[in-house]
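This report concerns only the one structure given below.
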Amino acid sequence: MAALMVVCLGLAACSAPDQTGTPAQRVRAWSRGVGLPGTASQLSGDAAQFVVGRARLDQAVLQSACTSLLNDASMGAASLPTPDPMLTADLNRSYDAWYRGGQLCLDTGPGGTAVSRSGPSEVRKLDQAAAQIAKGSAGLAAAQARVRSIVR
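Each residue of the sequence shown is one higher than the one before, counting from 1009 in the working numbering.
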C-alpha cells in the first residue's frame, strides 16, 4: 500500500503543472512537456480521416479514424490540468467533444461494412459525430490561440 502511495504521489507530481516562472514560462513549458502541438496534429489528422470515411460511407475507415479520435482525445485529457485555468477549461471541452464524436462514430455499426447499408439512424449518428468533431476542432483552435496569447 505504501509503495502504491509513493507511485501515485510521484505521478501526481509529474503531471502537475510547473508552478515556477511567469505564466508565459509555465504555459510554454507545459505545452512542450505534454506535446500539445503533436496532440493537435494527431486530432486534426483523425478528423480528416473521419471526413474521408464519412464521404465514402466506409465503416472500416470510420472505425479506424474514430478509434484514433477516442485514443488521442483521452491522451490529451490525461495531460490536464494546464497552468492556466481558462486553457484547461478550453482543452477539457475540446477533448470531451472529440471523444463524444468518436463514440458516436463507433456506434454506427460493425467494422468493414458500408454505413449506407446500415440505415438512416447510423447516418444520423455520423452527422452528430461530425458536429462533435467540429466542436472539438473549434475548441482546440481556441485553446491554441489562448496558448499563443499567453506565451507572447
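We put the beta carbon where it would ideally sit given N, CA and C, even for glycine. As the structure is a computational prediction, the values presented were derived from the model and not from experiment.
Point to revise | Selection from Ala-1138, Tyr-1107, Gly-1029, Arg-1062 that minimises the alpha carbon distance to Ala-1086 | key: Tyr-1107
**Study point:** CB contact flag (Gln-1140, Ala-1105, <7 Å)
**Key:** Cβ atoms of Gln-1140 and Ala-1105: closer than 7 Å.
Review point. Would you call the CB atoms of Gly-1061 and Leu-1051 closer than 7 Å?
Key: no
Review point. Between the beta-carbon of Asp-1054 and the beta-carbon of Leu-1078, is there less than 7 Å?
Key: no
Check your understanding: Taking the C-alpha atoms as reference points, what is the distance between Pro-1046 and Ser-1102?
Key -> Note that residue 1046 is Gly in the sequence shown, not Pro. Approximately 15 Å between the Cα atoms of the pair.
Practice item. Kindly indicate the opening and closing residues of the alpha helix (DSSP H) around Pro-1045. Key: 1044-1064
**Study point:** Continuous alpha helix (DSSP H) stretch holding Thr-1116: start and end
**Key:** Segment: none, Thr-1116 is in no alpha helix (DSSP H) and carries neither H nor E.
Point to revise | Cβ neighbours of Ser-1145 in the same chain (closer than 7 Å, five flanking residues each side left out) | key: Ala-1055
Exercise for review: Can you tell me which of the three DSSP states Arg-1040 falls into?
Suggested key: Secondary structure of Arg-1040 (DSSP, three-state): helix.
Check your understanding: Shortest alpha-carbon distance to Arg-1040 belongs to which of Lys-1133, Val-1059, Cys-1074, Gly-1084?
Key -> Gly-1084
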